[in-house]
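The numbering used here applies: residue 10 is where the sequence shown begins, and numbers increase by one. Here a beta-carbon is modelled for each residue, glycine too, at the ideal position from N, C-alpha and C. Only a predicted model underlies this, so the values are computations on that prediction, with no experimental measurement involved. Data block below; observations after.
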Amino acid sequence: MSLAKIRRATEIIAPRVKKKKTVRPDSNVQDIERVYTVNLGKVLLSPDNQRAKRAVNMIKEFARHHMKIEQVKLEEDVSHLLWSRGIRHPPRKIRVRMTKTDEGYVLVSIYEGEEESTEKEEKKVEPEKVRIRTKTSS
């Protein structure tokens, strides 16, 4: 058998199929903003005079991985929070909001949380009824 016949026989058995690229409909519009809690516990494995710098890099790496964009910018408030206790003692966890911008980068800011109604505080505190038990002879 010639090489051409062998090649044709294998193509009949296993034809080459080109994979079509699947396009997600408006995936960028839906995933513009996300809220994450970034665990910075591994910062403690680095030398103590480099921990806050490492925490900044860990947040940037986390944003690149989860938002799928290489260019990441931190807001000033995030940086101040990471450096608030000095270079040696950054926080163990930080809650951040990551936002994709139209310019093609991710902006990382502090997550303040949603304003929740304080229904528990607004409820009137009812005085407890005191029951006096008397001894009964039986």
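- Nearest to N66 by C-alpha distance, out of G122, Y45, T46, K82, is K82.
- Taking L91 as reference, the option from V139, R63, R106 with the minimal CA-CA separation is R63.
- Distance from the Cα of R73 is smallest, within the candidate group K109, K51, G95, for K109.
- In the displayed model, E79 falls within coil according to three-state DSSP, outside both helix and strand.
- The beta strand (DSSP E) runs of length 3 or more contained entirely in the region 91-131 are, from start to end of the chain, 102-109, 115-119.
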